[in-house]
Every structure is written in structure tokens, then in C-alpha cells.
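Notes follow the structure.
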Amino acid sequence: MVSTNGRTLQYREALREAMEEEMRIDERIFLMGEEVGEYNGAYKVSQGMLEEFGPRRIVDSPISETGFGGLGVGAAMYGLRPIIEFMSWSFCLVAADQIINNAPKMLYMSGGQFGCPAVFRGNNGAGGQLGSTHSWVVESLFSHVPGLKLAVPSTPRDAKGLLKAGIRDPDPFFNLESERMLGMGLHGDKDYSRYQHANKWAPPENDKDFIIELCKADIKKPGTDCTIVTDGRPVHFALEAAEALEEEGIDVEVVDVRTYRPLDIETIAGSVRRTGYAVVVDQSWPFASVGAEVASQIYEHCFDDLDNQVLRVHNDDIPAPYSRQREQDMLPNAKKIVDAVRSVTYNA
Amino acid sequence: MTATNASPSDVSNNSRPSDKLSDDQLVKMLYDMMLIRRFEEKTMQAYQQAKIGGFCHIYIGQEASAVGSISALKDDDPIVGAYRDHGFALARGMHPNYCMAEMYGKITGCAKGKGGSMHMFDRDRHMYGGHAIVGGQCPLGTGLGFSIQYEEKDNVALCYLGDGALNQGGFFESMNLAAIWNLPVIFVLENNNYSMGTHIARGTAMANDLSAKAQAFGMRYAECDGLDVLDVYNTFSDQVAMTRNAKNPQWERGNWDEIEYSREGSNPGPAFVNVKTYRYQGHSMSDPQKYRSKDEVGEYKERDPINILVNHLIEAGKATQDQCHELDSKAKQVSKDAITFAEESPDMPTEEMFTDVYANPFGPYIKGGLPNIITNENSGE
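In C-alpha cells, the structure reads:
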């Protein structure tokens with residue numbers, strides 16, 4: 000079991016703790032989504048919240064993402080602070096007009112009169128043999144859009160700190176969680192805890208004002224030989240790769256971007272300047288992906304510091320296959336990262 | 000519908016809400032309609048002179064719809080609508096200068112020149128915008144109704160849509176959400192028979208009986224003559240009263256089997272109101288109108304909404320012909336002044352391009368100031 004100073008906390012519990020704490024201090028916040036109330040959360044993120052906050056503030060919605068996604072935008076314009084849960088980000092595509100056409104543009108199109116302080120959150124990425132329509136990774140789609148903010152937290156600590164920051168922020172905030180990470184912290188997952196100790200895993204206890212400022216990348220593992228820039232679940236693939244590479248004498252630095260919008264390029268570039276090598280990892284498809292953007296910005300900021308080209312590791316450029324092994328193969332897994340780091344540092 | 004000779008006096012046998020309107024209130028309604036008419040005429044001229052760009056949808060013919068329905072509201076009842084929105088802005092009390100300047104893309108516009116014709120917003124007057132994606136405003140209006148109920152206020156949200164939006168999924172999802180939570184929202188169908196150039200019968204099932212749309216969700220249905228501002232006013236006075244203070248049955252947990260459904264809807268509860276109206280102009284300024292005959296347009300012009308009210312006021316001795324002319328002259332002058340204001344205002348400056356993208360900005364973005372419509376005295380009339 001993973002612990003920090005004796006504290007154990009699952010990723011899903013961290014999300015819940017963030018929402019509960021903020022809802023206790025701000026009456027304007029409500030949580031709406033499919034199965035968030037009576038069912039206790041399709042993935043148990045909102046377990047127990049209906050009991051505490053009641054049906055006015057924990058609202059079970061029918062399966063109508065356009066309807067309740069847009070309702071959240073309207074309520075935010077009115078002055079409430081909606082948290083709209085998508086059971087999966089894969090299901091948000093039917094609500095695209097509301098979440099990427101209305102939410103992020105409202106402040107601009109109204110000349111500053113109506114903002115949209117709404118949070119949209121849910122599971123992102125391959126959940127485990129769900130097939131391609133259920134396995135969407137949306138950071139590359141949505142980071143494209145000015146007017147919104149977007150985080151991809153990788154640990155319970157980051158999940159809580161970033162979500163709280165997003166709830167308090169006056170702009171539309173997209174929190175991309177992962178079905179595969181919700182239980183992290185419970186069963187003694189292989190969590191690379193030798194990299195994750197020292198307060199990197201769980202948020203502090205009894206600190207209602209613990210937030211992680213948006214636009215602050217985090218060095219999840221310091222190293223000297225090559226920078227791996229990544230986010231969310233692939234952070235763990237990168238740490239797994241770091242262990243394997245350590246045996247070969249390659250000491251990588253793993254930089255977790257945490258938020259793509261805004262993107263903390265300073266921290267990323269600072270790391271690349273120290274190591275001279277960079278591998279960018281995300282779980283999008285390669286073309287026009289957040290990883291492509293990060294790689295491009297590394298070139299812009301670190302052209303003279305790089306000792307080799309920047310390599311990118313992504314999901315394979317195919318719809319997610321159902322087959323268990325082939326799905327694992329398509330992800331930006333540790334093996335692909337190890338290969339990329341070896342390849343990029345061969346001249347070191 | 001076809002044009003008929005009904006007049007407001009036909010409903011005067013029973014006491015109607017409009018009977019209680021003071022002469023001043025009636026004259027105000029007339030002036031608002033005249034202002035919209037004259038303002039839109041100026042808008043068309045400016046568009047033809049290429050001073051207004053983009054898409055521009057003219058409200059002429061539909062004036063009674065906005066004026067009649069908004070007159071039935073409290074000042075702080077929120078409204079949201081589609082892109083044919085100049086009429087709503089003016090009926091809600093936005094100063095015509097800010098409305099015209101917005102179309103000119105000037106910094107003095109209601110949205111600083113960032114929104115244009117289809118995006119009229121006025122926070123102080125609880126106007127939550129014109130919205131340019133057909134039906135995209137329906138979930139927003141539902142959110143306004145949700146918020147009113149959440150805050151336990153006694154307001155009603157009006158969500159306007161055209162008949163083209165009837166076939167968007169967002170409309171149906173919104174109707175369902177409003178019904179299951181019994182939200183204080185009225186979906187106002189401004190039914191001008193055409194979604195762009197497609198007649199309603201060609202694009203909408205059950206076009207001959209739109210009450211079916213409401214019945215499907217157990218929602219109250221009403222319809223009115225959208226050319227007769229008093230009929231619109233009366234209908235909305237009734238419907239708004241039956242929507243205010245709608246309570247959410249699901250705030251009581253565990254009584255699912257006891258929720259009763261009725262095709263007539265609940266009272267108080269949400270409603271769907273079919274305002275049968277007509278636009279004289281094309282869908283937008285670029286519409287050659289090959290889908291309808293000049294005779295059809297002419298037939299409607301016989302029953303002009305402004306003339307209907309003028310005739311009523313004169314017959315009822317509530318206004319004289321001279322007074323009506325005077326009001327019209329004032330509307331013309333105010334519209335002319337709006338053009339002057341817009342023309343003399345500075346363009347949206349380049350430094351405004353990066354403001355209002357984020358309320359809490361980063362990187363290249365800059366925190367925006369409030370537009371003139373908020374910071375200046377906005378005494379529209």
C-alpha cells in the first residue's frame with residue numbers, strides 16, 4: 000500500500016476529497032453527471048456525496064451529455080460553479096458544441112460579461128478492452144482550444160490539488176482522469192514508490208487549502224541523462240521505463256506536465272537544458288498531438304542545448320483494439336519509452 | 000398559418016392580463032416595436048453599405064414576439080436566444096447605440112466588437128446572449144432555469160429558439176431535463192415557418208400540431224398569434240405565472256413510483272410556447288428568398304404587428320394618430336443616432352484581441368475590462 004507520512008489515498012478518493020472540501024465552503028458548487036448520486040458514482044468517485052450534500056447538489060442526470068454539459072455552461076454563466084462529470088470523456092464528444100464551442104468562448108464573445116467557471120471531468124484514455132469508441136484520449140483535441148484550461152493529473156496528490164485549483168479557477172477547466180488509475184493507492188500497485196515517496200503520492204492530510212497551481216510542471220523523478228516529458232497515466236509508464244533504464248546506467252528525469260493549457264514550458268525546457276536529450280510521451284495519436292506541440296516547443300526553446308533530435312512516443316496510430324495484449328501494445332508503454340530513450344541517447 | 004383578420008379586441012370578452020396594462024405601458028410596447036423596426040431598417044442599410052459584416056439576421060415582422068413576451072417578465076428574469084437577436088436586445092432595454100456599435104465591430108459595442116450581430120449580451124439586463132449555433136442555446140436556457148431553482152429564486156428563464164432548432168438533439172435533451180426536474184424555464188418557439196429556406200412542413204414531423212413536442216415530455220403547451228403583441232403578452236403572462244416557483248420533485252428522494260405524469264404538464268412547471276410569427280426579410284441578408292412567394296409575404300404584411308397595435312390603441316382611445324407618428328419619428332431618430340454613434344466609435348483595438356480569453360489569464364492573455372455597456376449609464380428606452 001502506498002503511503003506518504005502514513006497516509007494512504009486512492010486517486011478516486013483524492014478527487015472526492017477535492018470536491019467535498021470545495022463544496023463545503025462554496026454553496027454554488029454542484030456535481031452533475033450520470034450515476035453520480037443514487038448509484039454512488041459509476042466508478043465510485045462520488046461515493047457518499049449524495050448523503051452529505053443531498054439531491055439538490057449531487058444531481059443524477061439522464062444520458063444526455065449535450066443537455067447536461069450545456070446546462071453546466073448556462074449555470075456557470077448565471078453564477079453557479081458546476082462540476083460536470085462525464086462517465087468517460089469518450090462520451091463527451093456528443094456534447095462538443097457545448098463544451099468546446101460554448102464554454103471556452105463565452106467570456107470572449109460576450110466582451111467579458113459572462114464567463115464560464117465550470118469544471119468538466121471524467122475518465123480519459125483506454126480503460127481496458129473497451130474498444131475504440133470508448134477509449135478516447137482527448138487532451139490533444141481540447142488543448143487546441145483557447146479559453147479553456149486542461150489538466151491530466153497522474154497521482155492522487157496531483158488529482159486533488161489540480162482539481163481544487165480548477166474548481167476555484169474562473170475559467171472552464173477540463174480534468175482528464177483515468178479509469179486505470181482510480182484505484183491506484185489501494186492494492187499496493189506497482190507504483191514505483193521509490194520514486195514517488197517524499198510527499199509525491201498523497202496530498203497532505205487536513206489541509207483544505209492544498210492546491211496545485213495550474214501551469215506548474217512537476218519533476219516526478221530527477222535524473223541527469225535524458226528528459227522524459229509526459230502526463231497522466233503515461234507518467235507511470237515513464238517511471239517503469241526509468242527503472243529499467245537505471246539498470247543500463249541511464250538516469251532519466253521524468254517531467255510531468257500536469258497541465259497542457261497552460262503549459263509550463265519553462266520547467267520542461269529547464270530540464271532539457273540540463274540533460275541535453277528529450278523524449279516526449281503522451282497517449283494521443285501522433286498527428287497534431289500534445290506531444291507534437293511539446294516537442295515543437297522544446298525545439299524552439301532548447302535548439303542549441305539538444306544533443307540529438309527529440310523523439311516522441313504515442314499511442315499507435317490505429318483505433319484502440321479490443322484484444323488485451325494488442326491494446327497494451329498500442330499504448331505508449333514502458334518498452335516503447337525505453338527504446339526511444341536508448342535511441343535518442345546513443346551518442347551520449 | 001394564414002393571415003386572418005383577428006384583432007386584439009376579439010379576446011376582450013374575458014378579462015385578460017393586457018386589460019390591466021396602463022396607457023403608458025401600451026405606448027411603451029408600441030414604441031419598442033417601432034424602434035426594432037426602424038433600427039433594423041438602418042441595420043439593413045448599413046449592411047448593404049458593407050459597414051456591418053458577417054451574417055446578419057433581421058427581426059422585422061417578428062417584433063411582437065420579443066416585445067410581447069419580454070413585457071410579461073420581471074426585469075431580472077433571464078433570457079437567452081438564437082442569432083436573430085437585435086430585437087431581443089432592444090426589447091430588453093439594451094441601448095441601441097451598443098447594439099449597433101457591436102455590429103460595426105466597435106469597442107463601444109455590447110461585446111466590444113468581439114461578438115457581432117449574432118451575439119448580443121447585456122449582463123445588467125439579464126440577457127444571456129444571442130447564440131449562433133442553431134439549438135445551442137437550449138441547454139444554456141435549461142441551465143438558467145436550473146440555476147433559478149437551485150438558488151430558490153422566483154424567476155423564470157425564457158429560452159427562445161426558431162423552428163429550425165426544433166430538430167436539434169439539444170432541444171429534445173433540454174426539454175427532457177426541464178421536465179424531469181420541473182425547471183422554471185419556458186421554451187419559446189419563434190415559429191416563422193422557415194428554417195432558412197426549408198418550410199417547417201418539410202423538415203419537422205408533426206409540424207401541423209407542435210403540441211406533440213410538448214406532450215412527449217409532459218410539458219405544458221400554449222400557442223399565440225405572434226403578430227398580435229397583446230395576444231403574445233397575454234399568453235406569456237399566463238405561462239410565466241404558471242412557471243414561476245417550479246419545484247424539483249427529485250429533491251425528495253425515493254418517491255420515484257409516486258411521480259405523476261401528465262400530458263398537460265405541471266403547474267407550476269416548464270412550458271413550450273409556440274409563437275406563430277413571420278419574418279418579412281430573408282433568413283439573413285444574403286437570402287434571395289426563392290422558396291416563398293411575394294404574395295405570401297404580402298399577405299402577412301397586411302397584418303403587420305405594429306399596425307395591429309396602432310389600430311387597437313387608436314380605436315380604444317389610448318393614443319392618437321399624431322402620438323403614434325411622434326413615436327415613430329423618435330424611433331427613427333434614435334436608430335439614426337445609433338448609426339452615428341457606431342460610425343464615430345473607434346474600432347476594436349488590437350490590444351483587445353487577447354483580452355477576455357481567460358478570466359484568470361496566463362501567457363499572452365490579458366485580463367479584460369468591462370465593456371461600456373456595463374460601465375456606462377445604459378438608459379435604453
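So the sequences go chain by chain: Z and P.
So for the first sequence, numbering that gives the first Met the number 0 puts the first residue at 0; every next one is plus one.
So for the second sequence, numbering that gives the first Met the number 0 puts the first residue at 0; every next one is plus one.
We put the beta carbon where it would ideally sit given N, CA and C, even for glycine.
It should be emphasised that the depicted structure is a prediction, and the values quoted were computed from it without experimental measurement.
Under a 10 Å Cβ-count criterion, P:H130 is classified as buried, with 16 or more other Cβ atoms of the shown protein chains found around its own Cβ.
Counting C-beta pairs with one atom in each stretch, the stretch 203-211 of chain P and the stretch 235-245 of chain P have fewer than three that are closer than 8 Å, which means they do not touch. Rounded to the nearest whole angstrom, the C-alpha separation of P:L72 and P:V155 is 8 Å. For the set Z:Q128, Z:Q112 and Z:A125, the Cα lying nearest the Cα of P:R122 is the one of Z:Q112. Within chain P, the C-beta atoms nearer than 9 Å to that of Z:L106 come from D355, V356, Y357, A358 and G367, in chain order. Under the Cβ criterion of 7 Å, P:G67 is not counted among the residues facing chain Z.
Assigned with DSSP and collapsed to three states, P:S236 falls in helix. Taken atom to atom, the span from the alpha-carbon of P:Q44 to that of P:N310 is near 28 Å.
The beta carbon of P:F170 is closer than 6 Å to those of G134, C137 and A164 in its chain, skipping five residues each way along the sequence. Taking a C-beta cut-off of 9 Å against chain P, the contacting residues of the stretch 55-73 of chain Z are R55, R56, V58, D59, S60, P61, S63, E64, T65, G66, F67, G68, G69, L70, G71, V72 and G73, listed in chain order. Think of a sphere of 7 Å around the beta carbon of Z:C91: no beta carbon from chain P falls inside it, the nearest being about 13 Å out.
Between the C-alpha atoms of P:N359 and P:K366 there is a straight-line separation of about 7 Å. Taking 7 Å as the cut-off, the Cβ atoms of Z:V228 and Z:G165 do not count as close.
Taking 7 Å as the cut-off, the beta carbon of Z:P171 is found no closer than this to the beta carbon of Z:C214. In this structure, P:P363 and P:F353 form a Cβ contact; the two beta carbons are roughly 6 Å apart against a cut-off of 8 Å.
In summary, no residue of the stretch 187-215 of chain P has a CB separated from any CB of chain Z by less than 8 Å.
Closest in C-alpha terms to Z:V151, from the list Z:G130, Z:L129 and Z:G121, comes Z:G121. Annotation: Z:L149 to Z:P261 spans about 7 Å, alpha carbon to alpha carbon. Among the residues of the stretch 111-131 of chain P, those with a Cβ less than 7 Å away from any Cβ of chain Z are K111, K113, G114, H118, F120, R122, Y127 and G128, in the order of the chain. When secondary structure is reduced to three states using DSSP, P:K293 falls in the helix class. Around Z:D170, the beta-carbon contacts reaching into chain P at under 8 Å are Y357, A358 and N359. Boundaries of the alpha helix (DSSP H) around P:M28: D22 to Q47. Neighbours of P:C109 in chain Z, taken as residues at a C-beta separation under 9 Å, are given in chain order as S109, G110 and Q112. Its chain contains G217, M218 and R219 as the residues whose beta carbon lies nearer than 6 Å to that of P:G264, once the 5 sequence neighbours on both sides are disregarded; these appear in chain order.
Around the beta carbon of P:H324, fewer than 16 other beta carbons lie within 10 angstroms, which makes this residue exposed.
P:S283 is positioned such that its CB atom lies closer than 7 Å to that of P:F54. Per DSSP, the beta bridge partners of Z:E176 are Z:N122.
The closest CA to that of Z:E64, considering only Z:N314, Z:E299 and Z:I83, is found on Z:I83.
Taken atom to atom, the span from the alpha-carbon of Z:G36 to that of P:G253 is near 12 Å. Take the alpha-carbon of Z:C225 and the one of Z:A319: they are about 29 Å apart. Runs of the beta strand (DSSP E) lying entirely within the stretch 105-162 of chain P, each at least 3 residues long, are 126-129 and 156-161 in chain order.
The Cβ atoms of P:P370 and P:K111 sit closer than 7 Å to each other.
Nearest C-alpha to Z:D316 among Z:S288, Z:V280 and Z:W284: Z:W284. Secondary structure at P:C323: helix, using DSSP grouped into helix, strand and coil. Sequence-distant Cβ neighbours of Z:R167 in its own chain, meaning closer than 8 Å and more than five residues away, are E21 and I210. Note on geometry: alpha-carbon atoms of P:K41 and P:D303 lie some 19 Å from one another.
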